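**Student:** Dropping the structure in here first, questions after.
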Amino acid sequence: MRDKTPKKINRGLISLAIRIHEALQLPIMKQTNLIAGKNGLQNWIKWVTIVEVIEDINRLQEGEFLITTGFGLGENEEKQAEFKRLLSIGKLSGVALYTGVYLKEIPPSFIAIADQYALPLIEIPANINFSMITKELLEQIINKQSQTFEQSNFLEALLYQPILNKADLIERGKKFGVDFAKPQTIFSVHFPALIDENSKESITEAIQSALKNMKRPFLTRTKSESVLVLLEEGDGVKLAEIAKEVLQSIKAAAGPVAFSIGIGKTVTRLDMLVESVKQAEQAAHLSQLLFKPRPIIHYDDLSLYQLLLDMKNSRVDLAEFYKRHLGSLLESQGVDFITTLEAYLHYNQNIKNTADELYIHRHTLKYRLGQIERRTGANLSSFEDCTKLYLAVIAYKLSKNII
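Encoded structure:
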């Protein structure tokens, strides 16, 4: 028989691991009932707190999943008001509330607040005890953490450590469902540096979900500003189409954040994967330097950038190169001649399209182009001169955004 003596159970602190909707799929939770807050099922469970008496709501932490018997909430209006405030302050990831112990049923006012603030409110029958729920939550968390940690460590070893035993790596790959006898490609999913850890988790989860739905064998590793994805090729699906599905999944999970996916060259040998990583990361970075940034780009689509980077690696002074060809355009005040020139060359010297892009009149554009010719000494009707100017603009942008 349940001990109804009011007491506070020691808090169990658990690192970020699963979402509310995942917790509800556990066998023990099949006996529970989600009665409110369905819009919050994507909330992360950071911590699990088990209490009978809720004494100080200010001690609860961001993302806590609260399990409580609701002692004192039945008829005590002051405690009910405090509990309503707890539901509305936005700290909790969800609340599991027992009925049949101290509460016969969950008050409608609790349900209304939980719906209003998208806070999952779960009814637990009296026959389930605290330890049963905690045990299954912990097992799920530990299993998920272990799988993620193991996969990430394996991919890091594969990409950044010398390959001493190829046969062993192939066997370990099979454990994760990846066949290294098939061609492999690296994706680098790049996101802003200031993004928080919760969002990183959401991004990684969205990537994994998209690839699982497409039944693509893969490995992932989350870095400070990107997620690396090793992807097994097969069945003729184009890499760009796979990347598009991944990007849509990310945007649905993380919202309007500027993402870019760089795709490295497909390789057939394990020792070539590290080069594919460099290519994918470089493509993701360089895509933001294009006149029209592209969210998905293959390394091979950046041949001119690669050419200039090769020149830089061969000790060619890119600054000297672009200054020689762009001349006094770099010193102009008020008018951005570099952007005007880049737009004009991007649109293949089409006056209308360039003027529309820059939101200026065609006569204004023609005046600027005349100034560009005068300041650089170039002839914008000459293919050779335009090629030199285009390379100079790329060199300028690369120099200002060191990789």
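Okay, so the sequence shown: first residue is 1 according to the working numbering, each after it adds one. Note that beta-carbon positions come from the ideal geometry of N, C-alpha and C, so glycine has one too. Remember, predicted model here, so these are calculated numbers, not experimental data.
1) When the Cα of Pro256 is compared with those of Ser88, Leu24, Pro192, Lys265, which residue comes out closest?
2) Excluding the 5 residues preceding and the 5 following Ser276 in the sequence, name in chain order all residues of the same chain whose CB lies nearer than 7 Å to its CB.
3) Please report how far the alpha carbon of Ala395 lies from the alpha carbon of Leu389, in whole angstroms.
4) When you compare only the Cα positions, how much space is there between Pro293 and Ser287?
5) Looking at Ser93: is its Cβ nearer than 8 Å to the Cβ of Asn129?
6) Pick helix, strand or coil for Leu230, following the three-state DSSP scheme.
7) Which term fits Gln282, buried or exposed, when burial requires 16 or more other beta carbons within 10 angstroms of its beta carbon?
8) Per DSSP, which one or two residues make a beta bridge with Arg315?
9) Between the C-alpha atoms of Lys182 and Phe176, what's the straight-line distance to the nearest angstrom?
10) To which residues does DSSP link Phe218 through a beta bridge?
11) Taking the alpha-carbon positions, what's the Lys174 to Leu86 distance?
12) Could you pull the start and end residues of the beta strand (DSSP E) that Phe176 belongs to?
13) For Gly234, is the classification buried or exposed, using 16 other Cβ atoms within 10 angstroms of its Cβ as the cut-off for buried?
14) Assuming Asn58 is part of the alpha helix (DSSP H), what are its boundary residues?
15) Have a look at Ile28 and Val95 and give me their C-alpha separation to the nearest angstrom.
16) Which whole runs of the alpha helix (DSSP H) in the stretch 19-47 are 4 residues long or more, in chain order?
17) Spell out the partners DSSP gives Ser188 in its beta bridges.
18) For Pro6, which residues in the same chain have their Cβ closer than 8 Å to its Cβ, ignoring the five residues on either side in sequence?
19) Which residues does DSSP list as the beta-bridge partners of His298?
20) On the criterion of 16 or more Cβ atoms from any shown chain inside 10 Å, does Phe149 qualify as buried, or is it exposed?
21) Here's a check: name, in chain order, each residue in its chain whose Cβ is nearer than 8 Å to the Cβ of Lys104, leaving out the five neighbours to either side.
22) If you follow the beta strand (DSSP E) that Tyr359 is part of, which residue opens it and which one closes it?
23) Does DSSP classify Ala378 as helix, strand or coil?
24) DSSP state of Glu123, grouped into three classes?
25) Which residue or residues does DSSP assign as beta-bridge partners of Leu330?
26) Is Ala126 closer than 8 Å to Tyr160 when the C-beta atoms are compared?
27) Do Gly37 and Ala114 come within 8 Å of each other at the CB atom, strictly closer than that value?
28) Looking at the secondary structure, which residues open and close the beta strand (DSSP E) in which Ile250 lies?
29) Is Arg409 near Ile351, with beta carbons less than 8 Å apart?
30) Whose C-alpha, out of Ile261, Ile45, Glu320, Arg368, is nearest the C-alpha of Leu230?
31) With a CB to CB cut of under 7 Å and the five nearest residues on each side skipped, what residues in its chain are close to Leu247?
32) Is it buried or exposed for Tyr359, if we count other Cβ within 10 angstroms and need 16 for buried?
33) Going by DSSP, which residues form a beta bridge with Tyr344?
34) Within 10 angstroms of its Cβ, does Tyr299 collect 16 or more other Cβ (buried), or is it exposed?
35) Based on DSSP bridge pairs, tell me the residues matched to Gly94.
36) Mind checking whether Cys386 and Leu345 have CB atoms under 8 Å apart?
**Tutor:** Taking the definition as stated:
1) As a first step, residue 256 is located in the sequence shown; it is residue number 256 there, counting from the start. Closest option to Pro256, Cα to Cα, is Pro192.
2) Translated into the one-based positions of the sequence shown, residue 276 becomes position 276. Around Ser276: Thr185, Ile186, Gly264, Lys265, Val267.
3) Counted from its first residue, the sequence shown places residue 395 at position 395. Counted from its first residue, the sequence shown places residue 389 at position 389. Straight through space, the alpha carbons of Leu389 and Ala395 are spaced by roughly 10 Å.
4) For the purposes of this step, residue 293 is taken as residue 293 along the sequence shown, with counting starting at 1. For the purposes of this step, residue 287 is taken as residue 287 along the sequence shown, with counting starting at 1. Near 5 Å, if we compare the C-alpha coordinates of Ser287 and Pro293.
5) Within the sequence shown, the letter at position 93 stands for residue 93. Within the sequence shown, the letter at position 129 stands for residue 129. Not a contact, by the Cβ cut-off of 8 Å.
6) Start at 1 with the first residue of the sequence shown, and residue 230 comes out as number 230. Leu230: strand per DSSP, three-state reduction.
7) Mapped onto the sequence shown, residue 282 falls at position 282. When all chains shown are included, Gln282 counts as buried.
8) On the sequence shown, residue 315 is found 315 positions in, with the first residue counted as 1. None; Arg315 has no bridge partner.
9) As a first step, residue 182 is located in the sequence shown; it is residue number 182 there, counting from the start. As a first step, residue 176 is located in the sequence shown; it is residue number 176 there, counting from the start. Cα to Cα, the separation comes out at about 14 Å.
10) Walking along the sequence shown from the start, residue 218 turns up at place 218. Phe218 pairs with Leu231.
11) Mapped onto the sequence shown, residue 174 falls at position 174. Mapped onto the sequence shown, residue 86 falls at position 86. Using only the alpha carbons, I get a separation of about 47 Å.
12) Reading the sequence shown from its first residue, position 176 is the one you call residue 176. First-last for Phe176: undefined, no H or E at that position.
13) Start at 1 with the first residue of the sequence shown, and residue 234 comes out as number 234. By the 10 Å Cβ count, Gly234 comes out exposed.
14) Here residue 58 refers to the residue found at position 58 of the sequence shown. No alpha helix (DSSP H) contains Asn58, which DSSP labels as neither H nor E.
15) Your numbering for residue 28 matches position 28 in the sequence shown. Your numbering for residue 95 matches position 95 in the sequence shown. Their Cα atoms are separated by approximately 16 Å.
16) 20-23
17) Here residue 188 refers to the residue found at position 188 when the sequence shown is read from its first residue. In DSSP, Ser188 forms a bridge with Leu228, Gly262.
18) To locate residue 6, count along the sequence shown from 1; it is residue 6. Unreliable placement is indicated for Pro6, whose pLDDT of 40 sits below 50; the coordinate value is still reported in the next sentence. Excluding sequence neighbours, Pro6 sits near Glu52, Val53, Phe71, Gly72.
19) Sequence index remark: in the sequence shown, residue 298 carries index 298 (1-based). DSSP, once it has assigned bridges, lists Ile263 as partnering His298.
20) If you number the sequence shown from 1, residue 149 lands on position 149. It counts as exposed.
21) The residue labelled residue 104 in the question sits at position 104 within the sequence shown. Answer for Lys104: Gly74, listed in chain order.
22) Taking the sequence shown and counting its residues from 1, the one referred to as residue 359 is at position 359. No beta strand (DSSP E) holds Tyr359; DSSP gives it neither H nor E.
23) Your numbering for residue 378 matches position 378 in the sequence shown. Residue state, collapsed to three classes: coil.
24) Along the sequence shown, read from residue 1 onward, the residue named residue 123 stands at position 123. Reduced to three states, the DSSP call for Glu123 is strand.
25) If you number the sequence shown from 1, residue 330 lands on position 330. According to DSSP, Leu330 bridges with nothing at all.
26) Start at 1 with the first residue of the sequence shown, and residue 160 comes out as number 160. Start at 1 with the first residue of the sequence shown, and residue 126 comes out as number 126. For Tyr160 and Ala126, no; Cβs fall outside 8 Å.
27) Locating residue 114 in the sequence shown gives position 114, where the first residue counts as 1. Locating residue 37 in the sequence shown gives position 37, where the first residue counts as 1. In this structure, Ala114 places its C-beta atom within 8 Å of the C-beta atom of Gly37.
28) Your numbering for residue 250 matches position 250 in the sequence shown. Not the beta strand (DSSP E): Ile250 falls in the alpha helix (DSSP H), residues 239-254.
29) Since the displayed the chain opens at 1 and closes at 403, residue 409 lies outside it and no answer follows.
30) Your numbering for residue 230 matches position 230 in the sequence shown. With distances taken between Cα atoms, Leu230 lies closest to Ile261.
31) On the sequence shown, residue 247 is found 247 positions in, with the first residue counted as 1. The answer, listed in chain order, is Phe259, Ile261, Pro295, Ile296.
32) Position 359 of the sequence shown, counted from the first residue, corresponds to residue 359. Burial call: exposed.
33) By one-based count along the sequence shown, residue 344 stands at place 344. Answer by DSSP bridge pairing: none, since Tyr344 is not bridged.
34) As a working mapping, residue 299 is identified with position 299 in the sequence shown. Buried: at least 16 other Cβ atoms inside 10 Å.
35) Translated into positions along the sequence shown, residue 94 becomes position 94. Bridge partners of Gly94 according to DSSP: Phe65.
36) Numbered from 1 along the sequence shown, position 386 holds the residue referred to as residue 386. Numbered from 1 along the sequence shown, position 345 holds the residue referred to as residue 345. Yes, these two residues count as a Cβ contact at 8 Å.
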